[in-house]
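Chains as they are written, first to last, in the working numbering: chain A, 1 to 104; chain B, 1 to 646.
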Amino acid sequence: LAGTDGPGAEGPGGLSWAVHLDKLEGEQEEETLEQQADALAQAAGLVNAGRIGELQGFYLLVQPAGHRQDEQAEAIRQQTEAVLARHEAVRWYSEQRLLKRAKR
Amino acid sequence: SVHFNDPKYPQQWHLNNQRSPGRDINVTGVWERNVTGRGVTVVVVDDGVEHTVQDIAPNYSPEGSYDLNSNDPDPMPHPDAENGNYHGTRCAGEIAAVPNNSFCAVGVAYGSRVAGIRVLDGPLTDSMEAVAFNKHYQINDIYSCSWGPDDDGRTVDGPHQLGKAALQHGVLAGRQGFGSIFVVASGNGGQHSDNCNYDGYANSIYTVTIGAVDEEGRMPFYAEECASMLAVTFSGGDKMLRSIVTTDWDLQKGTGCTEGHTGTSAAAPLAAGMIALMLQVRPCLTWRDVQHIIVFTATQYEDHHADWATNEAGFSHSHQHGFGLLSAWRLVNAAKIWTSVPYLASYASPVLKENKAIPLSPCSLEVLWNVSRMDLEMSGLKTLEHVAVTVSITHPRRGSLELKLFCPSGMMSLIGAPRSMDSDPSGFDDWTFSTVRCWGERAQGTYRLAIRDVGDEPFQAGILRQWQLTLYGSVWTPVDIRDRQRLLESAMSGKYLDEGFTLPCPPGLKIPEEDGYTITPNTLKTLVLVGCFTVFWTIYYMLEVYLGQRNVASHPVCRSGPCHWPQRSQKAGAEETELESVPLCNSKDPAGADAEGEGAPRRAGLPVPAVREPGAWGLSQSRSAPDGPHQPLRPDLLRGREERIC
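#1: In chain order, what residues of the same chain lie with their CB nearer than 7 Å to the CB of G57 of chain A, ignoring the 5 residues before and after it?
#2: Determine whether the beta carbon atoms of Q252 of chain B and P75 of chain B lie at a separation below 8 Å.
#3: Does the structure place the stretch 297–313 of chain B close enough to the stretch 257–264 of chain B that three or more beta carbon pairs sit under 8 Å?
#4: Does any residue of chain B have a CB that is nearer than 8 Å to the CB of I52 of chain A?
#5: So does the stretch 188–196 of chain B actually touch the stretch 281–291 of chain B, counting three or more Cβ pairs closer than 8 Å?
#6: Determine, for R77 of chain A, whether the minimum Cβ-Cβ distance to residues of chain B falls below 8 Å.
#7: For the beta strand (DSSP E) holding L368 of chain B, just list the boundary residues, first then last.
#8: What residues in the stretch 120–131 of chain B have a beta carbon less than 9 Å from any beta carbon of chain A?
#9: Pull up the distance between the alpha-carbon of Q444 of chain B and that of C438 of chain B, whole angstroms please.
#10: Less than 8 Å between the beta carbons of S186 of chain B and N203 of chain B, yes or no?
#11: Got a sec: is the Cβ-Cβ distance from W147 of chain B to anything in chain A below 8 Å?
#12: Measure from the alpha carbon of V40 of chain B to the alpha carbon of each residue in B:M274, B:G500 and B:G324, then state which is nearest.
#13: Helix, strand or coil for M412 of chain B, going by three-state DSSP, please let me know.
#14: Within 10 Å of its beta-carbon, does H3 of chain B have 16 or more other beta-carbons around it, so buried, or fewer, so exposed?
#15: Keeping to the same chain, check which residues put their C-beta closer than 8 Å to that of P10 of chain B; ignore five residues upstream and five downstream.
#16: Is there a C-beta anywhere in chain A that falls below 8 Å from the one on A166 of chain B?
#17: Near L241 of chain B, which residues of its chain fall below 6 Å by C-beta distance, leaving aside the five closest residues on each side in sequence?
#18: Comparing the C-beta of K103 of chain A with each C-beta of chain B, is any distance below 8 Å?
#19: From which residue to which residue does the alpha helix (DSSP H) around I294 of chain B run?
#20: I'd like the span of the alpha helix (DSSP H) that includes H261 of chain B, first residue to last.
#21: If you reduce the DSSP assignment to three classes, tell me which class G189 of chain B lands in.
#22: Of the residues B:S102, B:S61 and B:W147, which one's Cα is nearest the Cα of L99 of chain A?
#23: Does the beta carbon of N134 of chain B come closer than 8 Å to any beta carbon on chain A?
#24: Nearest to A89 of chain A by CA position, among A:Q36, A:E31 and A:W17, is which residue?
#25: Whole angstroms is fine: what's the gap from G416 of chain B's alpha carbon to S426 of chain B's?
#26: Can you find the residues in the same chain that come closer than 8 Å, C-beta to C-beta, to I393 of chain B, ignoring five residues on each side of it along the sequence?
#27: Sort B:D6, B:P21, B:W338 and B:C407 by Cα distance to D483 of chain B and report the nearest one.
#28: For R97 of chain A, return the contacting residues in chain B, with the cut-off set at a CB-CB distance below 8 Å.
#29: From E457 of chain B to K382 of chain B, what distance separates their C-alpha atoms?
#30: Anything in the stretch 261–291 of chain B with a Cβ closer than 7 Å to a Cβ of chain A? List those residues in chain order, please.
#31: Got a sec: which bits of the stretch 8–32 of chain B sit with their beta carbon under 9 Å from any beta carbon on chain A, in order along the chain?
#32: My assumption, with CB atoms under 8 Å, is that S349 of chain B sits in contact with W369 of chain B. Please give the rounded CB distance.
#33: Could you check what DSSP says for F501 of chain B in three-state terms: helix, strand or coil?
#34: Alpha carbons only, please: which of B:L124, B:R175 and B:G179 is nearest the one belonging to G163 of chain B?
#35: Give me the Cα-Cα distance between T247 of chain B and I117 of chain B, rounded to the nearest whole angstrom.
#36: Given that G187 of chain B touches chain A, what residues does it touch there, using C-beta distances under 8 Å?
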């Protein structure tokens, strides 16, 4: 069903990461989190694809359209993960990989 | 006494088995009492739902639906080369196919609404699963998932971090805070000696894991065993036995109806439909109430192959059939009088580092952990629901390992069954197995984990690195459980269903669905197109007006001061047409003063219409006057018009 390459492959349409941002106190934390996600995406050379469903503080960051193909993937991956690992607002992050699921 | 004109209803043995009475889900009595799932929405998370099929359309819920593969609100399945995207539509038909429409079949909860979330027909990631599990979670009450990791007998997989977080968020905040109900199929890996405890969706405490039995009540060849199986219901068996009759898609080779739906995929939606019937009679059942009612009402039945064992609380469980067969009659009558169970309590042991070798069979490594009264004081945990064991084990051939857990009562759960196909050398890394076989038993006491190597390697090779025990349960005492069992048995006569008996039901929380309005690509494209179209025509009209004016301005008649209309022929065309086609130039106002000079202010940019001396109407005549008899313009008309033009 899902992609044939197994868990090691890239997310749909290129590399993508899920990040969990630290909650902020006070008002409008959702907007602030959104802004934080935008800033983090920019810092990592990604695009903020928005919050993941109903999970507050979880955002999906994806490679911008027209990204370069596989030959750069590993370099981009390392560079991106270095930025995410270093960023103080990031509590957790995980590269999104294809899951193999079968109908029963 | 229920009769439907649906042509395939007589073949739907799982609803009402004429050939082997009793081998069905026992639902007609519930229908007779108008319990049909009204007011409940079940969403089928799958490869799409063809909601235009006439058996589904009237019950379809667009508000609960979404297409995560195409990122638009319509979960219609897309025909593909394998002609395979009928799965979700069939599951939806089992749940809510419309009765008495002279078409195909009838759904278990034919009064409920069915939605679709299309997520399996394309690349699937952890974040997409997380979105699916909470999509419209204040509208969708039950999520029916007839899919999972590969059932190849060697895969160990389940929801990843985001999927787990979404399942947990769903039971906490879904369905106005009563908790989304997640129903999953236990798996079709029977032929590969697979076990659903290696499937994180089946293993999860947040899901209702449903297995299958065939029309004879036996475990079909494809079905899997596991200690986390909650219950079973009907599905197809081998070739000699009937499969499930349900609605089908009508794309490609589909006819809109099928008699061949089978696998645990067909069992899970039937369970979801029965849970919808429960929620109609008692909407405020929490996700744990639903699990409890299944445990309390599922029935053990005679099957020589099944290893039925009765635990300390009096519940009978088998690794093949869970707590037994689901009965809609028992589920609904129990739901009618069910008062909510106490809050979920849990206890986790420290991570127990062992680093001990795992001996070859028949010897086994045994590690113990005693849970004292003190340990449980804080949480108040007294009786068990789910028991989970998280292990890290190294072994060159994972399928050679066998893990058993013994609860304080001595009840044994085969939490990790050997798998002949699993030759993976990576062992287990913090994998969580779970069991429901100790449900209702006392939590306090010593738990024993026994691991052995049943492989045929000559040397022992496995090491238990560490493990952790987690208990889930509540403050209910064994007495409370026995009381509840008695109460339920008294309800099985149906008296509470008949008497219009109703317990108070709190309304639930108002939880906003926080997903902001996201413009779908289709909408975006449409907006862009409309925008471009508008801009283009605006430019076109502006050009036309500009050029039109330039022409007029450069016309010789008008260049020399006020316009004198060329001689009007007597052939006046249609007055209206001529009047309307009069070009606009500078001219005198009705009082004779030249609008150019003093008098009426000139409208910036627009020449003022000409004042007409009698007879000065030629221009427009030559252009637009049609040939034919014409009346000279009547002065009264003219004047009025002339004034109007001026």
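Note that beta-carbon positions come from the ideal geometry of N, C-alpha and C, so glycine has one too. Here the structure is a predicted model, which is why all the values come from computation and not from measurement.
Put simply:
#1: Non-local beta-carbon contacts of G57 of chain A in its own chain, meaning distances under 7 Å to residues more than five positions away in sequence, involve H20, L21, K23 and L33 in chain order.
#2: Contact: no.
#3: The stretch 257–264 of chain B vs the stretch 297–313 of chain B: no contact.
#4: Cβ-Cβ to chain B under 8 Å: yes for I52 of chain A.
#5: Too few Cβ pairs lie closer than 8 Å, so no.
#6: Not an interface residue.
#7: Where L368 of chain B is concerned, the enclosing beta strand (DSSP E) stretches over L365 to V371.
#8: Those residues of the stretch 120–131 of chain B placed with their C-beta closer than 9 Å to a C-beta in chain A are L120, D121, G122, P123, L124, T125, D126, S127, M128, E129, A130 and V131, ordered along the chain.
#9: So the two alpha carbons sit approximately 12 Å from each other.
#10: Cβ atoms of S186 of chain B and N203 of chain B: not closer than 8 Å.
#11: Answer yes: the Cβ-Cβ gap between W147 of chain B and chain A drops below 8 Å somewhere.
#12: The shortest CA-to-CA distance from V40 of chain B to any of B:M274, B:G500 and B:G324 is the one to B:M274.
#13: Here DSSP, grouped into helix, strand and coil, assigns M412 of chain B to strand.
#14: Exposed is the call here.
#15: Shown here for P10 of chain B: same chain residues with a beta carbon closer than 8 Å to its own, the five before and five after excluded, namely Q18 in chain order.
#16: For A166 of chain B, the answer is yes, since a Cβ of chain A falls inside 8 Å of its Cβ.
#17: Excluding residues up to 5 positions away in sequence, D214 and E215 lie with their Cβ nearer than 6 Å to the Cβ of L241 of chain B in the same chain.
#18: Chain B contact via Cβ: present.
#19: Following the DSSP letters along the chain, one finds I294 of chain B inside the alpha helix (DSSP H) bounded by residues W287 to T297.
#20: Segment C257 to H261 is the beta strand (DSSP E) holding H261 of chain B; no alpha helix (DSSP H) there.
#21: When secondary structure is reduced to three states using DSSP, G189 of chain B falls in the coil class, being assigned neither helix nor strand.
#22: Minimum Cα distance to L99 of chain A is reached at B:W147.
#23: Yes, N134 of chain B counts as interfacial toward chain A.
#24: Nearest of A:Q36, A:E31 and A:W17 to A89 of chain A, Cα basis: A:Q36.
#25: Cα-Cα distance, rounded: 15 Å.
#26: Non-local beta-carbon contacts of I393 of chain B in its own chain, meaning distances under 8 Å to residues more than five positions away in sequence, involve I358, L401, G427, F428, I451, G462, I463, L464 and R465 in chain order.
#27: For the options B:D6, B:P21, B:W338 and B:C407, the alpha carbon positioned closest to that of D483 of chain B is the one of B:W338.
#28: Near R97 of chain A (Cβ distances below 8 Å), the residues of chain B are T125 and D126.
#29: If you take the alpha carbons of E457 of chain B and K382 of chain B, they lie about 43 Å apart.
#30: Residues of the stretch 261–291 of chain B with a C-beta atom less than 7 Å from some C-beta of chain A are G263, T264 and S265, listed in chain order.
#31: Cβ contacts with chain A come from no residue of the stretch 8–32 of chain B.
#32: Confirmed, about 5 Å.
#33: Residue state, collapsed to three classes: coil.
#34: G163 of chain B has its Cα closest to that of B:L124, out of B:L124, B:R175 and B:G179.
#35: The C-alpha of T247 of chain B lies about 18 Å from the C-alpha of I117 of chain B.
#36: Ordered by position in chain A, the residues that pass the 8 Å Cβ test against G187 of chain B are R104.
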